[in-house]
Amino acid sequence: MTILGIETSCDETASSLIEEKNGRCSVLTSVVASQIKIHAKTGGIVPEVAARNHILAIIPVIQRALKGKMPDAIAVTAGPGLVTSLGVGVQTARTFSYIWKKPLIAVNHIEGHLYANFICASTKSQITNHKSIAFPAVVLIVSGGHTELILMTGHGKYQLLGKTLDDAAGEAFDKGAKILGLGYPGGPAISKAAEKGDTVRYDFPRPLLSSRNYDFSFSGLKTSLLYRVRDMKKEGTRFTPKVIADLAASYQAAIVDVLVAKTVRAAKEYSVKTVLSGGGVMANKELRKRLENSLKKNGIDFRVPPYSLCTDNASMIACAGAFKAHRREYVLWRDVDARSTWGVTSNE
Ligand code: KG4
Ligand code: ZN
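First residue of the sequence shown? That's 186 in this note's numbering, and the numbers climb one at a time after it.
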């Protein structure tokens, strides 16, 4: 079957057409219209502005993804996210489902990030051969809005192990970049600045690193960067490219250390053979490398989607939709609504 994916949970208007055959999802088209330039001016997302731009972009983006084809089903992100942004995708999907008389699937955005690991393609070796993914698996989802460790025991079967108590890892990157004057979005900016930096020149806290649970907390880390920069300014420090690079590298190392330590510990405690990962922060090279190395040492199969499938896209939503379609988890167009909060592991 072919599935049209629609994703508007944040600041990317995305649509994709995928083909699913015997549980294998291949991407036919994928279109992402980014609002990064618009939000860079305000240093962050203004929900009203994001929603208006989704409205302008959504039909042309879907048109480009469909290329005149009629899909067999429609999968749309229904939450969690900015409710005014989500609403644009959800309303559009409802309308198409009603007019085309095609089944509709409501997808959780976090589950979408997870299913980026199940997209197959023959061209790039790094892309998952998902048939070989062994359950149970520990899943690390790190995005701008979420940081979650999940135990996945099968398709659609999840148990939340831990999540952030305050800021998400992506927020720590975004806010840290703002403090360092590196612009928006912060993840790519910090990771680039950190490339030539010294990871141990500045000492930053590793929040909850040795706590017995799998929760995260990044807001104190951000505050410690803020105070460090404030003190350095008072002392008259010149913020040369070298100083910025060292601050970025030391700060990034603190985030990566915590994410790697907790993921590896969860994988060992639950004796899983596989770790899956996803979300925009997984586009971070250092995090990919460190997780890969640590998990390999422990004989655990580590999967990470290619860069373009880590950040928000609609192929992952369509793929999650395909697996839900197999379980006949369809919804009537009139019953779908956007939800700002929606835990992947519960029905609240
Ligand atoms: O998954 P995503 O595209 O959107 C949400 O669902 O939130 O994630 C966006 C987040 C942003 O916070 C962005 O700064 C971060 O992912 N990000 C990165 C990198 N690329 C994007 N963080 C660290 N390193 C990167 N290379
Ligand atoms: Zn996302």
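Idealized CB from N, CA, C, for every residue including glycine. Keep in mind that this is a model prediction, so the values were computed, not measured.
Legend entry - Straight-line Cα distance separating L406 from R391: For the purposes of this step, residue 391 is identified with residue 206 of the sequence shown, where counting begins at 1. For the purposes of this step, residue 406 is identified with residue 221 of the sequence shown, where counting begins at 1. Approximately 7 Å, taken between the alpha carbons.
Inset, instruction - Could you check how far apart the C-beta atoms of A260 and I502 are, in whole angstroms? I think they sit under 8 Å. - result: The sequence position of residue 260 within the sequence shown is 75, counting from 1. The sequence position of residue 502 within the sequence shown is 317, counting from 1. Their Cβ separation, rounded to whole angstroms, is 5 Å, which keeps A260 and I502 in contact under 8 Å.
Inset, instruction - Give me every residue whose Cβ sits closer than 5 Å to any heavy atom of ligand 2, in chain order. - result: Residues whose Cβ lies closer than 5 Å to any heavy atom of ligand 2, listed in chain order: S328 and D497.
Inset, instruction - Pull up the DSSP beta-bridge partners for V323, would you. - result: Start at 1 with the first residue of the sequence shown, and residue 323 comes out as number 138. By DSSP's assignment, V323 forms a beta bridge with L336 and V460.
Legend entry - Exposure label - Y399; buried when at least 16 CB within 10 Å: The sequence position of residue 399 within the sequence shown is 214, counting from 1. Y399 is buried by the Cβ-count criterion.
Inset, instruction - Please classify S270: does DSSP put it in a helix, a strand, or coil? - result: As a working mapping, residue 270 is identified with position 85 in the sequence shown. Per DSSP, reduced to three states, the secondary structure at S270 is helical.
Legend entry - Neighbour-count burial assignment, E192, 16 or more Cβ in a 10 Å radius: By 1-based counting over the sequence shown, the position of residue 192 is 7. By the 10 Å Cβ count, E192 comes out buried.
Legend entry - Residues of its chain near N483, where Cβ-Cβ distance is below 8 Å and the 5 sequence neighbours each way are ignored: In the sequence shown, the residue the question calls residue 483 occupies position 298. So the qualifying residues of the chain are V449, A452 and K453.
Inset, instruction - Compute the Euclidean distance between the alpha carbons of L393 and S409, then round it to the nearest angstrom. - result: In the sequence shown, the residue the question calls residue 393 occupies position 208. In the sequence shown, the residue the question calls residue 409 occupies position 224. Near 15 Å, if we compare the C-alpha coordinates of S409 and L393.
Legend entry - For R519, the three-state DSSP class (helix, strand or coil): Reading the sequence shown from its first residue, position 334 is the one you call residue 519. Three-state result, R519: helix.
Inset, instruction - For I469, collect the residues of the same chain with a Cβ closer than 6 Å to its Cβ; drop the 5 residues on either side in sequence, then sort them by chain order. - result: Here residue 469 refers to the residue found at position 284 of the sequence shown. Residue identity check: residue 469 is Asn in the sequence provided, not Ile. Answer for N469: S376, listed in chain order.
Legend entry - Cβ-heavy atom distance, D359 to ligand 1, below 6 Å: Stepping through the sequence shown from its first residue, residue 359 is reached at position 174. Yes, the Cβ of D359 comes within 6 Å of a heavy atom of ligand 1.
Inset, instruction - For E233, count neighbouring Cβ atoms within 10 angstroms of its own Cβ and tell me buried if that reaches 16, exposed if not. - result: Counting from 1 along the sequence shown, the entry for residue 233 is found at position 48. That one is exposed.
Legend entry - One or two residues paired with N293 in a DSSP bridge: Looking up residue 293 in the sequence shown gives position 108. Bridge partners of N293: G264.
Legend entry - 7 Å CB neighbourhood of Y515 in its chain, flanking five on each side removed: For the purposes of this step, residue 515 is identified with residue 330 of the sequence shown, where counting begins at 1. If we look at Y515 and ignore the five residues flanking it on each side, its Cβ neighbours are P288, L289 and I290.
Inset, instruction - Please name the residue, chosen from I284, S270 and K222, that lies closest to Y369 on a Cα-to-Cα basis. - result: As a first step, residue 369 is located in the sequence shown; it is residue number 184 there, counting from the start. Among I284, S270 and K222, the Cα nearest to that of Y369 belongs to K222.
Inset, instruction - For my contact list, V489 and R512 are in at a C-beta cut-off of 8 Å; report their separation, rounded to the angstrom. - result: As a position in the sequence shown, residue 489 is number 304, starting the count at 1. As a position in the sequence shown, residue 512 is number 327, starting the count at 1. About 26 Å separates the two Cβ atoms, so there is no contact after all.
Inset, instruction - Use the C-beta contact count for K252: other C-beta atoms within 10 angstroms, 16 or more gives buried, fewer gives exposed. - result: On the sequence shown, residue 252 is found 67 positions in, with the first residue counted as 1. Result: exposed.
Inset, instruction - Taking only heavy atoms of ligand 1 into account, decide whether any of them is closer than 6 Å to the Cβ of A468. - result: Reading the sequence shown from its first residue, position 283 is the one you call residue 468. For ligand 1, at least one heavy atom lies less than 6 Å from the Cβ of A468.
Legend entry - Strand pairing of Y343, partner residues [DSSP]: Taking the sequence shown and counting its residues from 1, one reaches residue 343 at position 158. BP columns for Y343 point to M337.
Inset, instruction - List the residues that DSSP assigns as beta-bridge partners of C210. - result: Position 25 of the sequence shown, counted from the start, is the residue given in the question as residue 210. DSSP, once it has assigned bridges, lists E205 and I304 as partnering C210.
Legend entry - Buried versus exposed call for N478 [16 or more other C-beta atoms within 10 Å across all chains shown]: For the purposes of this step, residue 478 is taken as the residue at position 293 of the sequence shown. Of the other Cβ atoms in all chains shown, fewer than 16 fall within 10 Å of the Cβ of N478; this residue is therefore exposed.
Inset, instruction - Please name the residue in P256, V443, H224 and L494 whose C-alpha comes closest to that of E471. - result: Counting from one through the sequence shown, the residue named residue 471 turns up at place 286. Residue V443 is the option with its Cα nearest to E471.
Inset, instruction - Indicate whether the contact test is met: 3 or more Cβ pairs, each with one atom in the segment 519-529 and one in the segment 265-273, closer than 8 Å. - result: Contact holds: three or more Cβ-Cβ distances are below 8 Å.
Inset, instruction - Could you spell out the range, first to last residue, of the alpha helix (DSSP H) harbouring G361? - result: Residue numbering aside, residue 361 sits at position 176 when the sequence shown is read from its first letter. Element bounds for G361: A354 to I364.
Legend entry - P370: CB within 6 Å of a non-hydrogen atom of ligand 1: Here the question's residue 370 lines up with position 185 in the sequence shown. Yes, Cβ of P370 sits closer than 6 Å to a heavy atom of ligand 1.
Inset, instruction - Can you have a look at G228 and say buried or exposed, based on whether 16 or more other CB atoms are within 10 angstroms of its CB? - result: Here residue 228 refers to the residue found at position 43 when the sequence shown is read from its first residue. Counting the other Cβ atoms within 10 Å of the Cβ of G228 gives fewer than 16, which makes it exposed.
Inset, instruction - Quick one: grab the DSSP three-state call for I318. - result: Position 133 of the sequence shown, counted from the first residue, corresponds to residue 318. I318 falls in the coil class under three-state DSSP.
Inset, instruction - Indicate, with yes or no, if ligand 1 has a heavy atom lying under 6 Å from the CB of S376. - result: For the purposes of this step, residue 376 is identified with residue 191 of the sequence shown, where counting begins at 1. True, at least one ligand heavy atom lies under 6 Å from that Cβ.
Inset, instruction - State yes or no: is the C-beta of C195 nearer than 6 Å to some heavy atom of ligand 1? - result: In the sequence shown, the residue the question calls residue 195 occupies position 10. C195: yes, Cβ under 6 Å from ligand 1.
Inset, instruction - For D486, write down the residues that DSSP places opposite it in a beta bridge. - result: Numbered from 1 along the sequence shown, position 301 holds the residue referred to as residue 486. D486 is bridged to T459.
Inset, instruction - Less than 8 Å between the CB atoms is what I'm expecting for D497 and E197, so what's the real figure, rounded? - result: Locating residue 497 in the sequence shown gives position 312, where the first residue counts as 1. Locating residue 197 in the sequence shown gives position 12, where the first residue counts as 1. With a Cβ gap of about 4 Å, D497 and E197 count as contacting.
Legend entry - Proximal residues to G361 (C-beta, below 7 Å), its chain only, five neighbours per side dropped: Numbered from its first residue, the sequence shown carries residue 361 at position 176. Same-chain partners within the cutoff: G371, I375, K407, L410 and Y436.
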